[in-house]
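Residues 5 to 197 in UniProt numbering are what the sequence shown spells out, letter by letter. Below is one structure, written out as structure tokens; comments come after it.
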Amino acid sequence: INPNNVEFMISAMDVSQYPGENKNEIALSGRSNVGKSSFINAVVGRKNIARTSSKPGKTVNLNFYNVDDQFLMVDVPGYGYAKQSKKDRQKWGELIESYLTEREELQVVVQLIDLRHKPTGDDVLMYDFLKHLDLPVIVICTKSDKIAKSKIDKHLKIVRETMEVEPEDIVIDFSSVDKKNLPKVHEALSKFV
Ligand code: GTP
Ligand code: MG
């Protein structure tokens, strides 16, 4: 991936605004604040092309990025943000559901889980929904730099068991801060583009 050939395309609020590129798409999913935007930046080698925030709930639309004309990355708004209004939650649900169920270009979903904590009910629900749709999932456990090395395997096991990750889905511990396992992530993504 040439970092200089990565560009933000559009922030889409509904199907009519999706790009008509016909390129394979990789979508990001995960709780608000888990590190989705940071993950995109790390993967494409740019500091802040996907806007990150310490305040949750910042990404409200589907943000499409053209990655070196090879594939598109789609930053999806995070779930589990408590302060969201009922109306916003409903809008979120419709946006995500229509994208995940109808988008032909979608090849794989990267689901991000905070490695420090046991996956939440929302994490499990989302994974089950993706599997129900027969979508391949790459599980990325973020913020591994915040955990002692000796405890990483134990945390990975908790993620696998709580989510009941299917054997064909890979689970990778990752950090956007020290870029741990970035080559592994690139390899996993390359199977879908
Ligand atoms: P929303 O768009 O609100 O859903 O959040 P997001 O999932 O895009 O999270 P974002 O990338 O904005 O990161 C949220 C916060 O976590 C920021 O303060 C990041 O700097 C921090 N963060 C993200 N990834 C890592 C990581 O691997 N390690 C550490 N230590 N912090 C991280
Ligand atoms: Mg974000």
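C-beta atoms are modelled at their ideal positions from N, C-alpha and C, and glycine is treated no differently.
Inter-residue spacing [alpha-carbon to alpha-carbon] between residue i and residue j
{"i": "ASN67", "j": "ALA16", "result": "6 Å"}
{"i": "ARG50", "j": "PRO7", "result": "6 Å"}
{"i": "ASP72", "j": "ILE142", "result": "21 Å"}
{"i": "GLU172", "j": "ARG55", "result": "31 Å"}
{"i": "LEU104", "j": "ILE162", "result": "26 Å"}
{"i": "VAL112", "j": "ASP138", "result": "10 Å"}
{"i": "HIS136", "j": "LEU129", "result": "10 Å"}
{"i": "LYS27", "j": "THR166", "result": "33 Å"}
{"i": "ASP18", "j": "SER57", "result": "23 Å"}
{"i": "VAL197", "j": "GLN21", "result": "22 Å"}
{"i": "VAL175", "j": "ASP182", "result": "18 Å"}
{"i": "SER180", "j": "ILE53", "result": "14 Å"}
{"i": "ARG107", "j": "LYS122", "result": "30 Å"}
{"i": "VAL10", "j": "GLN74", "result": "10 Å"}
{"i": "GLU191", "j": "ILE100", "result": "26 Å"}
{"i": "SER102", "j": "GLY82", "result": "16 Å"}
{"i": "LEU134", "j": "VAL78", "result": "15 Å"}
{"i": "GLU25", "j": "LYS184", "result": "31 Å"}
{"i": "TYR69", "j": "GLY39", "result": "16 Å"}
Identified DSSP bridge partners for residue i
{"i": "GLN94", "result": "Answer is none; GLN94 lacks a bridge partner."}
{"i": "GLU11", "result": "ASN70"}
{"i": "ARG35", "result": "TYR83"}
{"i": "LEU116", "result": "GLY34 and ILE144"}
{"i": "PHE75", "result": "VAL71"}
{"i": "ALA16", "result": "LEU66"}
{"i": "GLU29", "result": "LEU76 and LEU110"}
{"i": "VAL47", "result": "DSSP, once it has assigned bridges, lists no residue as partnering VAL47."}
Top-ranked residue by Cα proximity to residue i, from the options
{"i": "ASN37", "options": "ILE156, LEU193, VAL197 and LYS147", "result": "LYS147"}
{"i": "LEU76", "options": "GLU101, GLY125 and GLU109", "result": "GLU109"}
{"i": "ASP132", "options": "VAL169, VAL19 and SER179", "result": "VAL169"}
{"i": "ASP177", "options": "PRO140, PRO171 and LYS158", "result": "LYS158"}
{"i": "SER41", "options": "PHE196, GLU106 and VAL80", "result": "VAL80"}
{"i": "ARG35", "options": "GLN88, ASN9 and GLU25", "result": "GLN88"}
{"i": "GLU98", "options": "LYS195, SER194, VAL10 and ASN65", "result": "ASN65"}
{"i": "ARG164", "options": "TYR69, THR124 and VAL78", "result": "THR124"}
{"i": "LYS195", "options": "GLU25, PRO140 and SER102", "result": "PRO140"}
Residue j beta carbon less than 8 Å from that of residue i
{"i": "PRO23", "j": "ILE14", "result": "yes"}
{"i": "LEU32", "j": "VAL114", "result": "yes"}
{"i": "ARG120", "j": "LYS153", "result": "no"}
{"i": "ASP126", "j": "GLY84", "result": "yes"}
{"i": "VAL189", "j": "ILE144", "result": "yes"}
{"i": "LEU116", "j": "PHE43", "result": "yes"}
Any chain D beta carbon closer than 8 Å to residue i
{"i": "GLN74", "result": "Among the chains in the structure shown there is no chain D, since it carries only a single protein chain."}
Do the segment 38 to 48 and the segment 88 to 107 meet, that is, are 3 or more Cβ pairs less than 8 Å apart? Taking 8 Å as the limit for Cβ pairs, the verdict is that the segment 88 to 107 does not touch the segment 38 to 48.
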